[in-house]
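Novice: The structure that follows is given in the form of structure tokens.
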Amino acid sequence: MFGGELNGPADFLVERLASAETPDASGLAFAEKKKYVLEAKKSGVGALLIGPDLEADGIPSIRVSNPRLAFFKLLTQSDHPYPASVGIHATAVIDPSAQVDPAASVGAYTVIERYAVVEAGATIHPFAYVGDHCRVRSGASLLPHAVLLRNVDLGERSVVFCGAIIGGDGFGFVWDGSKHVKIPQVGKVVIGPDCEVGSLSAVDRATAGVTTVGAGSKIDNLVQVAHNVHLGEHVVMAALSGIAGSSQLGDRSTVGGLSTISDHVSICADTILGGRAGVIADIDEPGVYFDFPSQPVSQARRNMIHRMNLTDLVQRIRNLEQKLAQLEEKES
Amino acid sequence: MFGGELNGPADFLVERLASAETPDASGLAFAEKKKYVLEAKKSGVGALLIGPDLEADGIPSIRVSNPRLAFFKLLTQSDHPYPASVGIHATAVIDPSAQVDPAASVGAYTVIERYAVVEAGATIHPFAYVGDHCRVRSGASLLPHAVLLRNVDLGERSVVFCGAIIGGDGFGFVWDGSKHVKIPQVGKVVIGPDCEVGSLSAVDRATAGVTTVGAGSKIDNLVQVAHNVHLGEHVVMAALSGIAGSSQLGDRSTVGGLSTISDHVSICADTILGGRAGVIADIDEPGVYFDFPSQPVSQARRNMIHRMNLTDLVQRIRNLEQKLAQLEEKES
Amino acid sequence: MFGGELNGPADFLVERLASAETPDASGLAFAEKKKYVLEAKKSGVGALLIGPDLEADGIPSIRVSNPRLAFFKLLTQSDHPYPASVGIHATAVIDPSAQVDPAASVGAYTVIERYAVVEAGATIHPFAYVGDHCRVRSGASLLPHAVLLRNVDLGERSVVFCGAIIGGDGFGFVWDGSKHVKIPQVGKVVIGPDCEVGSLSAVDRATAGVTTVGAGSKIDNLVQVAHNVHLGEHVVMAALSGIAGSSQLGDRSTVGGLSTISDHVSICADTILGGRAGVIADIDEPGVYFDFPSQPVSQARRNMIHRMNLTDLVQRIRNLEQKLAQLEEKES
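Residue numbers (the working numbering), protein chains in the order written: chain F, 1 to 332; chain L, 1001 to 1332; chain E, 2001 to 2332.
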């Protein structure tokens, strides 16, 4: 299949794909580095797809030119879509003003509200909610428990995972001297084509205007995207990260886990924020940024090392103070 | 309508409210600062509500005394409630021991458990769950997928957004030498009137006694409020923030995004925690606090600047050490 | 009942369990330290279970040898299970290929997909979703809105709280030069017996192989467990914490709130991470670790104190520079 060279018993049967550290005697993993072979040896995984320059160390193996790519192809062949209704399930509750294409898949216990549109080839899984004035474009899907609350346009082939909430109210209030008065949130959310929004992430609709997620962007679990935010194309946001109101993130930028971007901040294209970074001011130079407050990576790394050794630094200052006092005494 | 002065074509038609940075030629935004006019010029937004001392720079505009307030009024007029059932939907599953007022709105695919109470004028949206011994007071609403799990009292006009979970088990265990033994969680949650709990936020019920959210408090998305916490009135908690078990936050306090309050900590009224603050000890003085561990803002700012320049500081110490060594050599 | 000594009116009626700081005149709290008696005096809680060496300060009380344990017993007696269907509710939508034991409890508006298995004594609450090839073992329960998306094995007596999503796609993509290409996620999740997964937490399934949560582990709300992670037995993860792809956490380890573990990191057994810790490298020594980047607690504490006083440190360096300059001037 890969044109690879087999090393080991010809009748060895692989039952599953696995990772090198999985103790699965019928599993096939891949090894592109010696480290992975060592892991496999330790775990007892059944067999390896192995790169041209590696020794399999007695593990049954197939030698291929690019083990990661070969493994990727096997993953693709092993995958299958989530189960989905053929047509519209009898239990779907659909408002008469909504337009649901008969060639859409609409699952059990789904609700489609007024003026919503579900295009042909879209898939609405059980317990998903397509709210007021929302559109699910062709090939897009809402996994179980996904919610489009209001004024959401979900792009072609985009996927909203379980429990993600798109189109909730932006968080805006004005203090009137005795209480917080809610600012009505009448805007919308536009998610481009080929995006993913992970489980339990929230993308709020704009106060007025639009919150945007650009084409091809991928959002992990438990991520907050606030009202009036503009994410560029092919952006990646890792788990537990957040971007506050009216901020902008340029194309192909990446946000690490637990990283945050303050409100009204603009970040240029091709910016990488490491995990736990906190951006509080505009970034105009593409590059890698770390830490809170965020800095270019080389600065941040040096400062982080010094920060971990402040006790030594304080000792050096103390030594200097003592020596200097001695010198001053001599002088006087 | 606003008694404002029109500048620009009298037949210009505004179709939507927008924000200044939205490229919407039929959108109306507001500009109270020159910065917003520049944004509007760049974006091409159709028209502006503009303040008395600003030049519209050729953009069709209406001059008003307070553009933000005028815009707020327009937002209010553009808004409308979420679609809701008239009366009780045929698919609602209601325990015989529950009391649901016929003047409540109970949507499709909702479940109302034993001894629950839903008052007149309350709204239960699809997929919401009103659990064991929960009460939804008059004018309150559960948006789709909101959950009141057990012993929750939701105040008048309060709103629980999509996927928020109120009344889940507090997180308490005791280690018995070989395993974690669960501490039963028999308390409740009381949420006062006029509160909001954002999408995907969690407010746990007390171990015993009560977890409270004071009147008028507003909680953003993805916020954790642990068991036995007491939030005062008119408190604000931004996204991805959390307050741990048995801690207290005074009236009118604000918690920035990703900020945390450790357990058994007490914070006085009128305290503002900046984004990413981490409070590990009581705060008795109202004011603004930043950073982890949190400090009053002026101290925190200075320390943060030094922290970002530790490399320079280390260089200065190195210079001092060298010079001192030279001096000492001379002396000897 | 406890063999305790009563102090106070014999006809005093306790109606509820409470915590010492609850202003509940009919509530019974416990006090094992003087601090709790003071809290109770201030709050006006009705009565106290009090330890052998404490004075109740006029509060009606029952003296017992271990007030915390006595209270724990009362909590256990006050608790009761969540309401559950007897048998399989008429509205449950069950795929013909699924196996649901008639002695399982399957609630209203639940969906059980192809090849799923629900064992005798398992409880599926309303709006829960048991996905493709998932198994819910005996005594396990899915609270309302819990989701097992695909290939999840939930251990005996384990509980998944509201809105938690187990078995979602791992977050993996490769950049092909113009877009992020999704890596298919064909692995599974195995959650051992006696675990808890809190509300709104996510445990992703492995790319290939398995994501594991060891027996007796307890996960709080809003926690992220990424693909291919291995959590040991009796692990605790507090709210808003996260562990990234392929990392490992040893038995009996504890992760504080908002703490994070980077990807491909291995942490040994019996490790405690304080709140807001960020681990970016392997930890091989059991112990307590704090801060970001994480350090052993004693180092971390000293460094944190110095970090909060950097302004003083800078002043000391400035003084040294001035004095040294004066000395140098004298010398020359």
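From the three backbone atoms N, C-alpha and C, an ideal C-beta is built for every residue, glycine too.
Just checking: is the beta-carbon of E2015(E) within a distance shorter than 8 Å of some beta-carbon in chain L?
Specialist: Taking the third sequence and counting its residues from 1, one reaches residue 2015(E) at position 15. Not closer than 8 Å to any Cβ of chain L, the Cβ of E2015(E) fails to qualify, so no.
Novice: Taking the beta carbon of V130(F) as the centre, do at least 16 other beta carbons fall within 10 Å, making it buried, or is it exposed?
Specialist: Here residue 130(F) refers to the residue found at position 130 of the first sequence. Under this definition V130(F) is a buried residue.
Novice: What are the residues of the region 100-115 of chain F that lie near chain E, defined by any Cβ-Cβ distance shorter than 9 Å?
Specialist: Those would be G107, A108 and Y109, in chain order.
Novice: Could you tell me whether the Cβ of S1078(L) comes closer than 8 Å to any Cβ of chain F?
Specialist: Locating residue 1078(L) in the second sequence gives position 78, where the first residue counts as 1. Closer than 8 Å: yes.
Novice: Using a Cβ-Cβ cutoff of 8 Å, what residues of the region 1161-1185 of chain L are near chain F? List them in chain order.
Specialist: The region 1161-1185 of chain L vs chain F, Cβ under 8 Å: F1161, C1162 and G1163.
Novice: In chain order, what residues of the same chain have a beta carbon less than 8 Å from the beta carbon of Q2099(E), not counting five sequence neighbours either side?
Specialist: Position 99 of the third sequence, counted from the first residue, corresponds to residue 2099(E). Same-chain partners within the cutoff: A2116, V2117 and V2118.
Novice: Verify the CB distance criterion: does Y82(F) have a CB-CB separation below 8 Å to chain E?
Specialist: In the first sequence, counting from the first residue as 1, residue 82(F) sits at position 82. By this cut-off, Y82(F) is an interface position.
Novice: In chain order, what residues of the same chain have a beta carbon less than 8 Å from the beta carbon of G1275(L), not counting five sequence neighbours either side?
Specialist: For the purposes of this step, residue 1275(L) is identified with residue 275 of the second sequence, where counting begins at 1. These residues qualify, in order along the chain: A1238, G1256, G1257, L1258 and S1259.
Novice: Taking Cβ-Cβ distances shorter than 7 Å, what residues in chain F pair up with A1018(L)?
Specialist: In the second sequence, the residue the question calls residue 1018(L) occupies position 18. Here the neighbours are A208 and G209.
Novice: Mind checking if V236(F) is an interface residue toward chain E, Cβ cutoff 8 Å exclusive?
Specialist: Stepping through the first sequence from its first residue, residue 236(F) is reached at position 236. Yes, its Cβ sits closer than 8 Å to a Cβ of chain E.
Novice: Give me the Cα-Cα distance between S2247(E) and G46(F), rounded to the nearest whole angstrom.
Specialist: Counting from one through the third sequence, the residue named residue 2247(E) turns up at place 247. Counting from one through the first sequence, the residue named residue 46(F) turns up at place 46. So the two alpha carbons sit approximately 21 Å from each other.
Novice: Go ahead and label R1150(L) buried or exposed: buried means 16 or more other beta carbons lie within 10 angstroms of its beta carbon, across all protein chains shown.
Specialist: In the second sequence, residue 1150(L) corresponds to position 150, counting from 1. Buried is the call here.
Novice: Secondary structure at Y1036(L), three-state DSSP: helix, strand or coil?
Specialist: Counted from its first residue, the second sequence places residue 1036(L) at position 36. Helix.
Novice: What did DSSP end up calling M1308(L) once you bin it into helix, strand or coil?
Specialist: Residue 1308(L) sits at position 308 when you count from the first residue of the second sequence. Coil at M1308(L), not helix or strand.
Novice: Comparing the C-beta of V93(F) with each C-beta of chain L, is any distance below 8 Å?
Specialist: As a first step, residue 93(F) is located in the first sequence; it is residue number 93 there, counting from the start. Answer yes: the Cβ-Cβ gap between V93(F) and chain L drops below 8 Å somewhere.
Novice: Residues of chain F with CB closer than 8 Å to the CB of K2323(E), please, in chain order.
Specialist: Against the third sequence, residue 2323(E) aligns to sequence position 323. Per Cβ cutoff of 8 Å: L324 and E328.
Novice: Starting from the Cα of A206(F), find the closest Cα among V223(F), D153(F) and S253(F) and give me that residue.
Specialist: Here residue 206(F) is taken as the residue at index 206 of the first sequence, counted from 1. Comparing Cα-Cα distances from A206(F) to each of V223(F), D153(F) and S253(F), the minimum goes to D153(F).
Novice: Can you pull out the residues from the region 1220-1235 of chain L whose beta carbon lies closer than 9 Å to at least one beta carbon of chain E?
Specialist: Here the close residues are L1222, V1223, Q1224, A1226, N1228 and H1230.
Novice: Three-state secondary structure (DSSP) at A122(F)?
Specialist: As a position in the first sequence, residue 122(F) is number 122, starting the count at 1. Residue state, collapsed to three classes: coil.
Novice: Taking the alpha carbon of I2165(E) as the point to measure from, which residue in I2088(E), D2220(E), R2301(E) and Q2295(E) has its own alpha carbon closest?
Specialist: Reading the third sequence from its first residue, position 165 is the one you call residue 2165(E). The candidate whose alpha carbon is nearest that of I2165(E) is D2220(E).
Novice: Using the DSSP secondary-structure output, state which residues sit across from I2323(E) in a beta bridge.
Specialist: Taking the first residue of the third sequence as position 1, residue 2323(E) is located at position 323. Checking the sequence shown, residue 2323(E) turns out to be Lys, not Ile. In the DSSP output, where bridge partners are listed per residue, K2323(E) has none listed.
Novice: Answer yes or no: does any C-beta atom of chain E fall closer than 8 Å to that of T22(F)?
Specialist: If you number the first sequence from 1, residue 22(F) lands on position 22. Chain E contact via Cβ: present.
Novice: Report yes if the C-beta distance between I267(F) and G250(F) is below 8 Å; otherwise report no.
Specialist: On the first sequence, residue 267(F) is found 267 positions in, with the first residue counted as 1. On the first sequence, residue 250(F) is found 250 positions in, with the first residue counted as 1. In contact: I267(F) and G250(F) (Cβ atoms closer than 8 Å).
Novice: Using the beta-carbon count (16 or more within 10 Å), is S65(F) buried or exposed?
Specialist: Numbered from 1 along the first sequence, position 65 holds the residue referred to as residue 65(F). Flag for S65(F) reads exposed.
Novice: Considering only their Cβ atoms, is the gap separating R2137(E) from E2156(E) smaller than 8 Å?
Specialist: What you label residue 2156(E) is simply residue 156 of the third sequence in a count that begins at 1. What you label residue 2137(E) is simply residue 137 of the third sequence in a count that begins at 1. Yes, Cβ-Cβ distance for E2156(E) and R2137(E) is below 8 Å.
Novice: Would you list, in sequence order, the uninterrupted beta strand (DSSP E) runs of no fewer than 3 residues that lie entirely inside the region 39-112 of chain F?
Specialist: Runs of the beta strand (DSSP E) inside the region 39-112 of chain F: 47-50 and 61-63.
Novice: Have a look at V2265(E) and V1197(L) and give me their C-alpha separation to the nearest angstrom.
Specialist: Here residue 2265(E) corresponds to residue number 265 of the third sequence, with the count starting at 1. Here residue 1197(L) corresponds to residue number 197 of the second sequence, with the count starting at 1. In a straight line, the C-alpha of V2265(E) is about 35 Å away from that of V1197(L).
Novice: G257(F) touches chain E at which residues, Cβ-Cβ below 7 Å?
Specialist: Here residue 257(F) refers to the residue found at position 257 of the first sequence. The contacting residues are G2242, A2244 and T2260.
Novice: Answer with yes or no whether the minimum CB distance from R1137(L) to chain F is below 8 Å.
Specialist: Against the second sequence, residue 1137(L) aligns to sequence position 137. Answer no: the Cβ-Cβ gap between R1137(L) and chain F never drops below 8 Å.
Novice: So L1149(L) contacts chain E; which residues on that side make the cut at Cβ distance below 9 Å?
Specialist: Position 149 of the second sequence, counting from 1, holds the residue named residue 1149(L). Correct list: Y2082, L2143, P2144, F2161, C2162 and S2199.
Novice: How many Å lie between D57(F) and S2253(E) at the Cα?
Specialist: If you number the first sequence from 1, residue 57(F) lands on position 57. If you number the third sequence from 1, residue 2253(E) lands on position 253. Roughly 34 Å separates the two Cα atoms.
Novice: Output yes if chain F places a C-beta closer than 8 Å to the C-beta of G1087(L); else output no.
Specialist: To locate residue 1087(L), count along the second sequence from 1; it is residue 87. Judged by the 8 Å Cβ criterion, G1087(L) is not in contact with chain F.
Novice: Is any beta-carbon of chain L found at less than 8 Å from that of F2127(E)?
Specialist: What you label residue 2127(E) is simply residue 127 of the third sequence in a count that begins at 1. Yes, because at least one Cβ of chain L sits closer than 8 Å to the Cβ of F2127(E).
Novice: Does the pairing of the region 319-328 of chain F with the region 2312-2327 of chain E give three or more beta-carbon distances under 8 Å?
Specialist: Touching, yes.
Novice: Please list the terminal residues of the continuous beta strand (DSSP E) segment that includes H1180(L).
Specialist: Numbered from its first residue, the second sequence carries residue 1180(L) at position 180. Where H1180(L) is concerned, the enclosing beta strand (DSSP E) stretches over H1180 to K1182.
Novice: Give the DSSP-derived three-state secondary structure of G1031(L) in the structure shown.
Specialist: Counting from 1 along the second sequence, the entry for residue 1031(L) is found at position 31. Per the sequence shown, residue 1031(L) should be read as Ala rather than Gly. In the structure shown, A1031(L) sits in a strand (DSSP, three-state: E or B).
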